[in-house]
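Residue numbers (this note's numbering): 31 to 95.
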């Protein structure tokens, strides 16, 4: 399993004992303890990840031109 936010691999023990489980669309996702303790809200973390993806896509488009 991976953390839904930072994509760090989680051990089975960590998933059971320390990670928070979130559900959307019937799928189980986990958030590691470090991401849970972060002062940012889940929405802010997701927005930051989307911004990172947008920057990456823009750089790849420039490279392709």
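Don't be surprised by glycine CBs; every beta carbon is placed ideally from N, CA and C.
{"query": "Pairwise C-alpha distance: residue 85 and residue 64", "result": "25 Å"}
{"query": "Residue-chain proximity (residue 60, chain D), Cβ-Cβ < 8 Å", "result": "Absence of chain D from the displayed structure is noted, only one protein chain being present."}
{"query": "DSSP state of residue 35 mapped onto helix, strand, coil", "result": "coil"}
{"query": "Euclidean distance between Cα positions of residue 41 and residue 83", "result": "26 Å"}
{"query": "Cβ separation of residue 75 and residue 35, assumed to be a contact under 8 Å, to the nearest whole Å", "result": "5 Å"}
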